[in-house]
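K.L.:
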């Protein structure tokens, strides 16, 4: 059996940490023994927690004296840097002590510290934050989700190369179809950046992915394209709007379906189907955003997720390393 | 009783027209007699249709020899211009023969012809397309939905003034809260345009609306702000992404709920609640986008909607005129 994937975990970041982190690791170990965890954080607390969960064999604790809280500015985080659980965990990837870093902590801090500590991949101008999003046939990779408020056309090309590599490392048996998010689907529509990126993607043949063309917001979830490329402003608004819409509909539905006794009875009858429906849309299953473009992979778990969501981001870390994400990105960049 | 609102209707635009248009008018007349319709299109066809529906008393037909199809470019539309049903209907507003123009036809053509024929309101740099969107407490006005791919901060200020005037003309008893769509809610985040617009809206007190601040995509439907202001690219992507998400969820739900016999039975038990749920989210009820910033109001019905959706856009036209939209916009612009 091959060596396990070594994950450097910022054990102190996010709501309910470190308990949530350790519970997530515990849950993940029950499903798969293919990971080893380097835990960065308060040694005494962590030792007690892993002892209780009987997972000492899969973990190594590295004591850190400080951590970055959710309300600290990226600038403060940058100053505190190396002595924090987050900073030390990122350093572990740079120093080849771990394959990948995972944190549920402060997003702004994670972005800035990762860029400070890890080198950029040669040929990439700007890193991008990518996330997963369900579609009718499976799962989309969507990027950038907010690492870059403004983007040039060349950034969109990098995002296409990196996003398709991520898709292939997560779903090796499927073909990647890259689409540029736009206000219309016809060639010639959109801003200048999009038009330039469109022409380059159309002309520069890359055998590792197909170029689908433009895609409009209402077709993101169709499944005809599975790597959705856009600037960080638009991507962030689109993802959050989708989240807000989903919450709104599901809450309205629950309210309608529990109004009367008959409704409640029918809910019981449909329980299994409703469970299956909710499970498919469970955001915890899509938990984990990936910072692409650096020499080492960085995964951000949602700060507010629970142990189950955190366990899903561990699974994502494993797939990224086993799927050779960084090699795949390098290969795509060669074809630029 | 006051004079009815005179609506210039492009009777030939959109899927299933002119039948859908006449059916929509027929349905609308059953609900309210407060409108009179100037119908622009093929006289023979229209005459037969209104005769059959017995609505001749509420309509006047103006024969036009040409119309603009959905696949024609805005440039072709601009050339055909005045002799088309759409162009003639817009001219009726300019010539004060109608209060407002309504079309379910080609959006690009409607935007360009409206801008060519109708003058801009003094003080407005660019017109914007506004739409309605449900929220937890009621309804949002969202703009720009795609009239301007790129916007300056001063456009965002105009959109705030126009969007809040639209909100107040549609919902006179409610207070308008303007928010700028952004990737974060804290002051100081976002691009330069947003920061400049934020500072101006914060400082320039306007008693006709409150400034809520920034809003993120996941809070659009909270109801705490009800006039959501953004550039046309972001607004278009956000609206379409919300539509796509809603469709995806409702289809997944239906699939889950009809899987087994027990499920189907329980669907029957919940029928009324599910109907109420679907009715609340029925996009036909929010049908109608409004082009703001011109001397006359222009309403665009969704091309693919049916008679019921078209009737809702007629109701919107009535509210806009009865609510004195143009006067309200002028008043807001005075405070700039």
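Chains as they are written, first to last, in this note's numbering: chain A, 1427 to 1762; chain B, 1427 to 1762.
All residues carry an ideal CB built from backbone N, CA and C; glycine is no exception.
1) Hey, residue 1526/B and residue 1616/A are a contact pair by Cβ (cut 8 Å); roughly how many whole angstroms apart?
2) Let's test the definition: count the other Cβ atoms within 10 Å of the Cβ of residue 1739/B and tell me whether it reaches 16, buried, or not, exposed.
3) Report back the beta-carbon spacing between residue 1757/A and residue 1634/A to the nearest angstrom; my notes put them in contact at under 8 Å.
4) Below 8 Å between beta carbons: does that hold for residue 1718/B and residue 1664/B?
5) Spatial neighbours of residue 1504/A within its chain, please: C-beta separation below 6 Å, excluding the five flanking residues on both sides.
6) Taking the alpha carbon of residue 1453/B as the point to measure from, which residue in 1645/B, 1647/B, 1732/B, 1628/B has its own alpha carbon closest?
7) May I ask you to report which of helix, strand or coil DSSP gives residue 1533/A?
8) Check distances from the C-beta atoms of the region 1635 to 1663 of chain A to those of chain B and list, in chain order, the residues that come in under 7 Å.
9) Between 1631/B, 1541/B, 1654/B, 1546/B, which lies nearest to residue 1565/B when the distance is taken from Cα to Cα?
10) In the DSSP assignment, the beta strand (DSSP E) including residue 1461/B goes from what residue to what residue?
11) Between which two residues does the beta strand (DSSP E) containing residue 1620/B stretch?
12) Within the continuous alpha helix (DSSP H) that includes residue 1500/A, where are the two ends?
13) Within this structure, are the beta carbons of residue 1730/A and residue 1441/A separated by less than 8 Å?
14) Is the beta carbon of residue 1460/B within less than 7 Å of some heavy atom of the ligand SAH?
15) On the three-state DSSP scale, how would you describe residue 1647/A?
16) Under three-state DSSP, which class holds residue 1549/B?
17) Any contact of the region 1494 to 1508 of chain A with the region 1533 to 1547 of chain A, i.e. 3+ C-beta pairs under 8 Å?
18) For residue 1445/B and residue 1475/B, what's the separation of their Cα atoms in angstroms?
19) 8 Å is my cut-off, CB to CB: does residue 1674/B come that close to chain A?
20) Output, in chain order, the set of chain A residues within a Cβ distance shorter than 8 Å of residue 1679/B.
21) Please report the residue range of the beta strand (DSSP E) in which residue 1718/A lies.
22) Can you find the residues in the same chain that come closer than 6 Å, C-beta to C-beta, to residue 1436/B, ignoring five residues on each side of it along the sequence?
23) Identify which residue in 1479/B, 1621/B, 1568/B, 1464/B has its Cα closest to the Cα of residue 1609/B.
24) If you draw a straight line from the alpha carbon of residue 1651/B to that of residue 1681/A, how long is it in whole angstroms?
25) Are the C-beta atoms of residue 1491/A and some chain B residue less than 8 Å apart?
26) According to the Cβ coordinates, are residue 1641/B and residue 1672/B closer than 8 Å?
27) If you follow the alpha helix (DSSP H) that residue 1734/A is in, where does it begin and where does it stop?
28) Name, in chain order, the residues that DSSP records as bridge partners for residue 1579/A.
29) Once the 5 residues before and after residue 1578/B are set aside, which same chain residues still bring their CB inside 7 Å of it?
30) For the region 1613 to 1624 of chain B, list every residue whose C-beta sits within 8 Å of some C-beta in chain A, in sequence order.
31) Report yes if the C-beta distance between residue 1744/A and residue 1458/A is below 8 Å; otherwise report no.
32) Can the beta-carbon of residue 1570/B be found less than 8 Å from the beta-carbon of residue 1658/B?
33) Considering only residues of the same chain and omitting the five flanking positions on each side of residue 1723/B, which have a CB-CB separation below 7 Å?
34) For residue 1637/A, write down the residues that DSSP places opposite it in a beta bridge.
35) In angstroms, rounded to a whole number, what distance separates the CA positions of residue 1707/B and residue 1502/B?
36) Taking 8 Å as the threshold (C-beta atoms), are residue 1487/B and residue 1469/B in contact?
P.N.:
By the coordinates alone:
1) A Cβ-Cβ separation of about 31 Å leaves residue 1526/B out of contact with residue 1616/A under the 8 Å criterion.
2) It is buried - the Cβ of residue 1739/B has at least 16 other Cβ atoms within 10 Å.
3) Taking the Cβ atoms as the reference, residue 1757/A lies roughly 7 Å from residue 1634/A, within the contact range of under 8 Å.
4) No.
5) Cβ neighbours of residue 1504/A beyond the five flanking positions: 1538.
6) For residue 1453/B, the closest C-alpha among the options 1645/B, 1647/B, 1732/B, 1628/B is that of 1732/B.
7) The three-state secondary structure of residue 1533/A, taken from DSSP, is helix.
8) Correct list: 1642, 1643, 1644, 1645, 1646, 1647, 1659, 1660, 1662, 1663.
9) Ranking the options by Cα distance to residue 1565/B, first place goes to 1654/B.
10) Its beta strand (DSSP E) spans residues 1461 to 1467.
11) DSSP places residue 1620/B outside any beta strand (DSSP E); the residue lies instead in the alpha helix (DSSP H), whose first and last residues are 1618 to 1629.
12) In the DSSP annotation of this structure, the continuous segment of the alpha helix (DSSP H) that includes residue 1500/A starts and ends at 1500 to 1506.
13) Taking the C-beta atoms as reference points, residue 1441/A is found nearer than 8 Å to residue 1730/A.
14) For the ligand SAH, the structure offers nothing, since it holds no ligand at all.
15) In this structure, residue 1647/A counts as coil in the three-state DSSP scheme.
16) Correct three-state label for residue 1549/B: coil.
17) With a cut-off of 8 Å, the region 1533 to 1547 of chain A and the region 1494 to 1508 of chain A count as touching, because enough Cβ pairs lie within range.
18) Looking at the two C-alpha atoms, the distance is approximately 7 Å.
19) Yes, contact with chain A.
20) At a beta-carbon threshold of 8 Å, the residues of chain A lying near residue 1679/B are 1679, 1703, ordered along the chain.
21) Counting along the chain, the beta strand (DSSP E) containing residue 1718/A begins and ends at 1715 to 1718.
22) The residues are 1466, 1511, 1512, 1515, 1529, 1531.
23) When the alpha-carbon of residue 1609/B is set against those of 1479/B, 1621/B, 1568/B, 1464/B, the nearest one is in 1621/B.
24) Cα-Cα distance, rounded: 22 Å.
25) Chain B contact via Cβ: absent.
26) In this structure, residue 1641/B lies away from residue 1672/B, with their beta-carbon atoms at least 8 Å apart.
27) Per DSSP, residue 1734/A belongs to the alpha helix (DSSP H) from 1733 to 1748.
28) DSSP, once it has assigned bridges, lists no residue as partnering residue 1579/A.
29) Cβ-Cβ distances below 7 Å link residue 1578/B to 1619 in the same chain, with the five nearest sequence neighbours on each side left out; the list follows chain order.
30) Taking 8 Å as the Cβ-Cβ cut-off against chain A, the residues of the region 1613 to 1624 of chain B that qualify are 1616, 1617.
31) In this structure, residue 1744/A sits near residue 1458/A, with a CB-CB distance shorter than 8 Å.
32) Less than 8 Å divides the Cβ of residue 1570/B from the Cβ of residue 1658/B.
33) Answer for residue 1723/B: 1526, 1716, 1746, 1751, 1752, listed in chain order.
34) 1604/A, per the DSSP bridge assignment.
35) Straight-line Cα distance between these residues: approximately 36 Å.
36) Contact: yes.
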